[in-house]
Each structure stands twice: as structure tokens, then as C-alpha cells.
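What follows is one structure encoded as C-alpha cells, with my remarks underneath.
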Amino acid sequence: MSDLHLQEPQLLLLTALAEAPRHGYGLITEVAAISAGRVRLRTGSLYGALQRLVHDGLIRVEREEIVDGRARKVYALTELGSQLVQEETARLRALVGELERRVSPRSSVRTRSATA
Amino acid sequence: MTPVPHTPRPLTRALRLLPAGYRAEHGSELTSIALQAAEADGRLGVWREAADITAHALRLRAGLGPDKAAARIVAMAAPPAVAIAAGSCANTLAAYARQPSQLLSGRADLQVLLAVQLAIYLLWPAALVAVWLGRWTAARLCAGLGALLALISVPLLALVTLDLDGLHTFVVAGTLPWVLTGLLMAAAPRDMLGSSLRHRRALAATTVAALVPWALHTLCPSPLPFQLAPQALWLAVVITALAWAHRNRTAPLALALAALPQALGYAVVLLHPLHLTGQAILVLLAAAGVVAAVRTRRKATPAQAGGIADH
Numbered sequence: 151m152s153d154l155h156l157q158e159p160q161l162l163l164l165t166a167l168a169e170a171p172r173h174g175y176g177l178i179t180e181v182a183a184i185s186a187g188r189v190r191l192r193t194g195s196l197y198g199a200l201q202r203l204v205h206d207g208l209i210r211v212e213r214e215e216i217v218d219g220r221a222r223k224v225y226a227l228t229e230l231g232s233q234l235v236q237e238e239t240a241r242l243r244a245l246v247g248e249l250e251r252r253v254s255p256r257s258s259v260r261t262r263s264a265t266a
Numbered sequence: 002m003t004p005v006p007h008t009p010r011p012l013t014r015a016l017r018l019l020p021a022g023y024r025a026e027h028g029s030e031l032t033s034i035a036l037q038a039a040e041a042d043g044r045l046g047v048w049r050e051a052a053d054i055t056a057h058a059l060r061l062r063a064g065l066g067p068d069k070a071a072a073r074i075v076a077m078a079a080p081p082a083v084a085i086a087a088g089s090c091a092n093t094l095a096a097y098a099r100q101p102s103q104l105l106s107g108r109a110d111l112q113v114l115l116a117v118q119l120a121i122y123l124l125w126p127a128a129l130v131a132v133w134l135g136r137w138t139a140a141r142l143c144a145g146l147g148a149l150l151a152l153i154s155v156p157l158l159a160l161v162t163l164d165l166d167g168l169h170t171f172v173v174a175g176t177l178p179w180v181l182t183g184l185l186m187a188a189a190p191r192d193m194l195g196s197s198l199r200h201r202r203a204l205a206a207t208t209v210a211a212l213v214p215w216a217l218h219t220l221c222p223s224p225l226p227f228q229l230a231p232q233a234l235w236l237a238v239v240i241t242a243l244a245w246a247h248r249n250r251t252a253p254l255a256l257a258l259a260a261l262p263q264a265l266g267y268a269v270v271l272l273h274p275l276h277l278t279g280q281a282i283l284v285l286l287a288a289a290g291v292v293a294a295v296r297t298r299r300k301a302t303p304a305q306a307g308g309i310a311d312h
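Just so you know, the sequences run in chain order A and B. If you count by this note's numbering, then the first sequence holds residues 151 to 266, one letter each, in order. If you count by this note's numbering, then the second sequence holds residues 2 to 312, one letter each, in order.
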């Protein structure tokens, strides 16, 4: 598992799927919402990323449906993908905890008294 | 039955670029996503989606598909390649800064050429800044413009220096590195371009390695053969990295690919006229390439087969 190093768009896609299975355009809007509009995936980039995640066994096509005469796939996390999201969550939580500990007022006071 | 919505022409044309089999399997879904995504942005959205699908199609046709290790290697190589390109601009920018008058003197056509070249030399550091900030669209735009201006400078260069001996070499050496680096940035899949700590460390090391030789050269101006020393360094990096390449070790291949544009620019200079150094470098490059090809094509042993190594 630790061999898989996720880049931000990949992690955002997995995060979007952690809540519920979604189709392609649903993922574009969800990723934009999660990243507060900072990451806006376009169709080609999204599709390439989804296929790579499917290839790596992190997501799967849950079902295919026809909407407005066009086929669309609904993607969902696999067990491996779910496990990776949990690992990333734990890693980021530990990192944020450490950051909060270091920038908290009590910590600043301690640092100042140590340098005085 | 619900009627199929009309597909705008730019999207249809972009979808036609997809390989036939891939289009038959995924075309309908891609069209559906693109139409919904474009709806929110209007006419501009259609063009943006079409451009992104075109890039996706070209990546697939270039063998950079989702299941290919080549895509990972290109994504690893693109940011350091921009750092190396930006580093090689530093020397010329420093020269312009020392003598800004050279931009204003001479014939009008020469001034246009110098202005285009100045724009190229400013665009690559700008691309590097965008890479550092994780603004990949801006980085691609700067890199693409840098490559385009390099191509535009070819006829200008030919007009200005029509009677120069070895003009072809000069033109190729002056455009090839920028065009190749621009292509590398365009080819890298967006979802694999990262700003993780590992990527930042690699980028920092490459940026320093790209800037230090040029900074030394700027501080201690030297004769022509030594001016090319920093580029020779990248040629040595390519040869060494290729020799270290291995099927399950993609980092050396990515490093070789990142340094290749600048190294080729240097190698071209040595090929006209072809002298002993040029011949030796060609032999070394060919040998390193063969070693890399053999080692990366060799079948993985069971112990090596698991996991995604070096990524």
C-alpha cells in the first residue's frame, strides 16, 4: 500500500467517492467543491485519472446507465481504495495534529522562554 | 426514447482524434461528461473541454495510456525538465540585464528576434514558478507559449542570419530544447503531476543543479566551449541516468528524459561539423540507450513484480 503515492487530483477523486458512488460529471463538480474551486478537472484529464485508478484497483465501475441517450458509468471505491483513503486520513490527521501542536499559543510561549 | 443532445463541432472533432477502438468503447461516456461540463462554462467551456479531450487523445496515441508506465515517467520528468529549461535561460537573462542596450540596437528585424527570444527566456522561469506553486494550467500555458515562440523564432532567425555558416545547426540547437520541454509538459497527465514532499525535493535539487552552473558561468565569463559546459553537464546526466535505468526503477529514466531536451541542444552543436567529441558522445548516448532499453524490457522476476516501485 505504501508504494502507492497519490497526487492531489487522485486523492480528491477518492475523497469524492468515499461518501457515495458517482458518475463522471458528478465527480468533476464534487472535486471542485472539495477543493473550493481550486482543482477543476476537465473531461480528458478526469477520464485518464479514472482509468488509472481503475487500473490500480482503487476504484471500480459499479454500474452503467443510459441518461439522455448516452451511456454513463457510476464509479465506486474498491476495498483497496477505501483502505488507502483511511490511511491517508490517518496520515493527514497526524500531520495536522502536529502542526496545531507546534503553532498553538502555549507552544509559542514555550519556544520564547526556551530562547530567552 | 430521449433524443440525443447535439454535440458541438469542436467536441466532435476532438473525439475523432481518439483511437477508433477506444472511441467505440468510451466515446459516448466522454461526450456525455464533456457536454455537461461545457454547459456550465458556455462557448469557452466547449473549447476547453475539446482541448482537454484532444490532449487525452494525443496521449493515448503516444502510448501514454492509463495503464502505461510511460505516463508515470513523463509525469515525473516534466517538472524537472522545466527547471532545467529555466536554468538555461538564466545565463541569457543575466547577459541582457548586464547590457540592456543590446536589445535596442541594430536592425529592426534583429530587434524583433531579440524581443521574441527575451519572451522565451522569461516564459520558462515563469513556468518554473507556476510549477513550484502547483499551478499546472499556468505552467503548461507558459511552457506551450515558450515552445511556440521558439518555433516562431525559426523564420526570424533565418531572415536575420541568412548567410551564417551552420545556420541549420544553430536553428535546431536554439529551438529543439524548448519544443521538447513544451511537449513533455503537455504530455504529462494532470492527475499524476504532484506537489508532494518527494516531488518538491526532486524539483528543488534539479532547480539548484540547473541554476548553479549558469550562475558560476555568469560570474566568471568564459570562452565559447566553456559556455556550453552546463549543457554538457545535462548530457552527462542523460548518459549516466540511462545506464542506471532498470525496469522497476523509473526515476533514472525520468531524470534522463528531463535532461534530454537541453542535452540534445548541446549534442546538435557538436554534430556540425562532426568531430571526435561529437562522435564519442553519439557512441556513448547510443550505448546508454541500448543498456536502458535492454534493462527496462527484461522481464521482471517474481520478487520484482509486485507493487509500484520508485514512484
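Just so you know, even glycine gets a beta-carbon here, dropped at the ideal spot from N, CA and C. Keep in mind that this is a model prediction, so the values were computed, not measured.
- prompt: At a CB-CB cut-off below 7 Å, which residues of chain E make contact with L194(B)?
  reply: Here the protein chains are A and B, and chain E is not one of them.
- prompt: Quick one: which chain A residues come within Cβ less than 9 Å of L142(B)?
  reply: As a first step, residue 142(B) must be located in the second sequence, where it is residue number 141. What L142(B) touches in chain A, judged by beta-carbon distance under 9 Å, is nothing: the nearest beta carbon there is about 14 Å away.
query: With a cut-off of 8 Å, do at least 3 Cβ pairs link the segment 36 to 55 of chain B to the segment 75 to 87 of chain B?
result: Contact between the segment 36 to 55 of chain B and the segment 75 to 87 of chain B is absent, because fewer than three Cβ pairs lie under 8 Å.
Identity of the residues DSSP links to R210(A) by a beta bridge: Here residue 210(A) is taken as the residue at index 60 of the first sequence, counted from 1. Bridge partners of R210(A): A226(A).
- request: Mind checking who H173(A) pairs with in its DSSP beta bridge?
  value: Stepping through the first sequence from its first residue, residue 173(A) is reached at position 23. H173(A) pairs with V224(A).
query: What distance in whole Å lies between the Cβ atoms of A84(B) and L177(B), which are believed to be in contact at a cut-off of 8 Å?
result: In the second sequence, residue 177(B) corresponds to position 176, counting from 1. In the second sequence, residue 84(B) corresponds to position 83, counting from 1. About 18 Å; that fails the 8 Å criterion.
query: Does the pairing of the segment 184 to 191 of chain A with the segment 210 to 226 of chain A give three or more beta-carbon distances under 8 Å?
result: In short, these stretches do not touch, since the Cβ pair count stays below three.
- prompt: Does the pairing of the segment 175 to 189 of chain B with the segment 167 to 185 of chain A give three or more beta-carbon distances under 8 Å?
  reply: Two segments are said to touch when three or more pairs of C-beta atoms, one from each, lie closer than 8 Å; by this definition the segment 175 to 189 of chain B does not touch the segment 167 to 185 of chain A.
message: For Q236(A), count the other beta carbons within 10 Å of its own beta carbon; 16 or more makes it buried, fewer makes it exposed. Which is it?
response: Indexing the first sequence from 1 puts residue 236(A) at position 86. Taking all protein chains in view, the Cβ of Q236(A) is surrounded by fewer than 16 other Cβ atoms within 10 Å, so the residue is classified as exposed.
task: Would you verify that the beta carbon of L134(B) is, or is not, closer than 8 Å to some beta carbon of chain A?
output: Along the second sequence, read from residue 1 onward, the residue named residue 134(B) stands at position 133. Answer no: the Cβ-Cβ gap between L134(B) and chain A never drops below 8 Å.
Which listed residue (L167(A), G194(A), P159(A)) has its alpha carbon closest to that of L230(A): Taking the first residue of the first sequence as 1, we reach residue 230(A) at position 80. Its Cα nearest to that of L230(A), the residue L167(A) stands out among L167(A), G194(A), P159(A).
- request: Check whether the Cβ atoms of L129(B) and T182(B) sit closer than 8 Å, and answer yes or no.
  value: Taking the first residue of the second sequence as position 1, residue 129(B) is located at position 128. Taking the first residue of the second sequence as position 1, residue 182(B) is located at position 181. No, the pair does not count as a contact, with Cβ atoms beyond the cut-off.
message: Report the CB separation of D110(B) from L160(B) in whole angstroms; it is logged as a contact under 8 Å.
response: The count along the second sequence starts at 1 and reaches residue 110(B) at position 109. The count along the second sequence starts at 1 and reaches residue 160(B) at position 159. Contact between D110(B) and L160(B) holds, with the beta-carbon distance rounding to 6 Å and staying under 8 Å.
message: List, in chain order, every chain A residue whose beta-carbon is nearer than 7 Å to that of R342(B).
response: Lying outside 2 to 312, the shown extent of chain B, residue 342(B) is not represented and no answer is given.
task: May I ask you to list, following chain order, the residues of the segment 197 to 208 of chain A that have a beta carbon less than 7 Å from some beta carbon of chain B?
output: Along the segment 197 to 208 of chain A, going in chain order, the ones with a CB nearer than 7 Å to a CB of chain B are Y197, G198, A199, Q201, R202, H205.
- prompt: Closest Cβ-Cβ distance between R213(A) and chain B: below 8 Å?
  reply: Numbered from its first residue, the first sequence carries residue 213(A) at position 63. So, not an interface residue.
message: Between which two residues does the alpha helix (DSSP H) holding G276(B) run?
response: For the purposes of this step, residue 276(B) is identified with residue 275 of the second sequence, where counting begins at 1. Gly is not the amino acid found at residue 276(B); the sequence shown has His there. Looking at the DSSP string, H276(B) is not in any alpha helix (DSSP H), and its letter there is neither H nor E.
- prompt: What is the C-beta distance between Q160(A) and L203(A), in whole angstroms, given that I count them as a contact (C-beta under 8 Å)?
  reply: Residue 160(A) sits at position 10 when you count from the first residue of the first sequence. Residue 203(A) sits at position 53 when you count from the first residue of the first sequence. For a cut-off of 8 Å, the C-beta gap from Q160(A) to L203(A) is around 7 Å, short enough to register as a contact.
task: Please name the residue in G88(B), W137(B), Y97(B) whose C-alpha comes closest to that of S195(A).
output: Along the first sequence, one-based indexing puts residue 195(A) at 45. Ranking G88(B), W137(B), Y97(B) by CA distance to the CA of S195(A) puts W137(B) first.
Rounded separation between E50(B) and A287(B) - CA only: Counted from its first residue, the second sequence places residue 50(B) at position 49. Counted from its first residue, the second sequence places residue 287(B) at position 286. Approximately 40 Å, taken between the alpha carbons.
- request: Could you check the C-alpha separation between I178(A) and I216(A) for me, to the nearest Å?
  value: In the first sequence, counting from the first residue as 1, residue 178(A) sits at position 28. In the first sequence, counting from the first residue as 1, residue 216(A) sits at position 66. I178(A) and I216(A): Cα-Cα distance of roughly 19 Å.
- prompt: From A170(A) to L162(A), what does the alpha carbon distance come to, in whole angstroms?
  reply: Along the first sequence, read from residue 1 onward, the residue named residue 170(A) stands at position 20. Along the first sequence, read from residue 1 onward, the residue named residue 162(A) stands at position 12. Each residue's Cα considered, the two are about 13 Å apart.
message: Am I right that A293(B) and L254(B) are in contact with their C-beta atoms under 8 Å? What's the rounded C-beta distance?
response: As a working note, residue 293(B) is residue 292 in the second sequence. As a working note, residue 254(B) is residue 253 in the second sequence. The pair is a contact, with the Cβ atoms about 7 Å apart (cut-off 8 Å).
task: Report yes if the CB atom of A1(B) is closer than 8 Å to the CB atom of R296(B), and no otherwise.
output: Chain B is shown from 2 up to 312; residue 1(B) falls before or after that span and cannot be answered.
- prompt: From the DSSP output, which residues share a beta bridge with R250(B)?
  reply: Within the second sequence, numbered from 1, the residue matching residue 250(B) stands at position 249. R250(B) pairs with H247(B).
message: Using only the alpha-carbon positions, how far apart do L149(B) and V117(B) sit?
response: Here residue 149(B) refers to the residue found at position 148 of the second sequence. Here residue 117(B) refers to the residue found at position 116 of the second sequence. L149(B) and V117(B) have their C-alpha atoms roughly 10 Å apart.
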